[in-house]
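Down below is the structure, laid out as structure tokens.
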Amino acid sequence: MELIEKALAKARAQQEATQGNATSAAEAKPAPDVSAPGLASDADSQVPTSRLPGSTSVPDAPLDGIRYVKTKVELAKQSHWIENRLVAANANDQTADIFRILRTKVLLPMRENGWQTVAIVGATPGVGKTTIASNLALSIALDSNQSVLLVDADLRRPKVADYFGIKVEHGLAEYLASKADLGDLLVNPGVERLVVLPSRGSAQNSTELLSSRRMQELLPELRNRYASRIVIFDLPPLLATGDALAFLHNFDCALLVVENGRNTAEELQEARRLMQGTNFLGWVLNKGDAGSGSAYYHYGATG
């Protein structure tokens with residue numbers, strides 16, 4: 000996990016360095032023009048700093064070295080990431096190569112079509128959609144031409160914050176219920192160009208919150224704030240609740256996560272039927288070997 004170690008060490012150094020001048024930096028920046036209430040800028044200052052170790056992107060990329068001043072920075076232990084299979088930032092992990100391939104497969108059609116939002120869904124619970132969404136976000140963040148916002152929109156069973164080791168006092172549900180300002184919820188987990196919008200607890204009125212006017216106002220703001228941003232939404236399972244179905248039409252495109260041996264052909268056919276009208280990027284096969292603790296992922300596109 001050498002890459003993660005370096006990234007976290009760098010983030011700690013930047014956090015300490017910016018604590019002393021955070022106030023002056025915030026005052027010097029003009030207030031953002033926002034359409035959604037309570038939204039603050041997440042990439043507070045794009046000051047050139049050293050590139051994230053392991054990045055192979057063009058050295059002069061404009062997003063190389065975002066410094067977070069207003070956005071909260073939370074750093075988890077690297078062992079916590081390993082336990083939750085967040086491996087995309089580890090250059091020496093074979094699985095990270097698979098997520099680099101997935102990143103290319105996802106970004107190519109998104110760039111060609113000018114898409115910025117992608118939904119990650121599963122047919123049923125427990126297929127690993129949060130693992131895929133989180134690793135995809137990490138992998139895209141390593142491309143210094145892109146910034147990434149990972150949104151945990153699974154309001155009934157949110158897991159993104161737990162995977163990244165983020166402590167959440169208020170989440171997306173509280174914002175949608177007008178109980179929290181969105182700017183206070185955004186978190187940088189110690190990797191440049193990646194911001195997380197977490198959720199917490201279990202919202203029993205999740206369908207109403209996701210289809211609310213406040214959510215409809217929030218979506219274009221998240222999509223349009225930065226031209227370089229990719230917004231990844233971790234959505235609830237399609238066949239478990241009505242949440243994803245009521246929300247899926249808002250996104251530019253979607254990926255379907257499947258676990259080998261768990262999902263039936265009937266479940267996958269029904270999931271694809273429900274996704275009609277959505278730009279379908281393809282499916283990701285997630286298969287874990289319980290005996291060895293290893294996992295592999297496979298991407299497939301539909302023709």
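For the sequence shown, numbering that gives the first Met the number 0 gives the first residue as 0, with consecutive numbering after it. The beta-carbon is built from N, C-alpha and C at its ideal position, and this holds for glycine as well. These numbers come from a predicted model, not from an experiment.
Whole-number beta carbon distance between residue j and residue i, since they are thought to touch under 8 Å
| i | j | result |
| --- | --- | --- |
| T206 | D242 | 5 Å |
| E82 | I165 | The pair is not a contact, with the Cβ atoms about 15 Å apart (cut-off 8 Å). |
| S227 | N144 | 7 Å |
| L171 | D151 | 7 Å |
| A160 | P197 | 4 Å |
| T70 | V167 | The pair is not a contact, with the Cβ atoms about 14 Å apart (cut-off 8 Å). |
Cut-off 6 Å between Cβ atoms - residues of its own chain near residue i, not counting five sequence neighbours on either side
| i | result |
| --- | --- |
| P236 | G121, T123, P124 |
| M214 | L175 |
| A95 | V86, A87, N89 |
| S201 | R155 |
| V57 | Low confidence applies to V57: its pLDDT is 33, below 50, so where it sits in the model is not reliable enough to give any reading. |
| R102 | S138, I139 |
| D153 | D233, P235 |
Contacts around residue i, its chain only, beta-carbon distance under 8 Å, and the 5 residues preceding and following it disregarded
| i | result |
| --- | --- |
| A169 | The question names Ala, yet the displayed sequence has His at residue 169. For H169, where only same-chain residues beyond five positions count, the Cβ hits under 8 Å are K178, A179, D183, L184, R199. |
| T277 | A118, L247, H248, F250, C252, A253 |
| A245 | T206, L209, S210 |
| R271 | L255, F279 |
Cβ-based burial, residue i [other Cβ within 10 Å; buried from 16]
| i | result |
| --- | --- |
| Q322 | With the chain covering 0 to 302 only, the question about residue 322 has no answer from this structure. |
| L107 | exposed |
| P188 | buried |
| N285 | buried |
| T263 | exposed |
| G127 | buried |
| R110 | exposed |
| Q203 | exposed |
| I131 | buried |
Same chain, Cβ closer than 7 Å to residue i, neighbours up to 5 away in sequence not counted
| i | result |
| --- | --- |
| Y162 | N83, L85, T129, S133 |
| E136 | What sits at residue 136 in the sequence shown is Ala, not Glu. If we look at A136 and ignore the five residues flanking it on each side, its Cβ neighbours are V147, L149, L193, I231. |
| R224 | none |
| R222 | Q115, T116, V230 |
| H79 | G164 |
| E266 | A122, T123, L238 |
| V33 | The predicted position of V33 is uncertain, since its pLDDT is 27 and thus under 50; no value can be drawn from it. |
| G113 | none |
| L273 | L237, L244 |
C-beta neighbour in chain C for residue i, strict 8 Å
| i | result |
| --- | --- |
| T70 | The chain inventory of the structure shown lacks chain C, comprising one protein chain alone. |
Quick check on the DSSP output: what are the complete beta strand (DSSP E) runs of length 3 or more inside the stretch 150-230, in order along the chain? 193-196
Entirely enclosed beta strand (DSSP E) segments - the stretch 81-141, minimum 3 residues: Taking only runs of at least 3 residues, the beta strand (DSSP E) segments lying wholly in the stretch 81-141 are 116-121.
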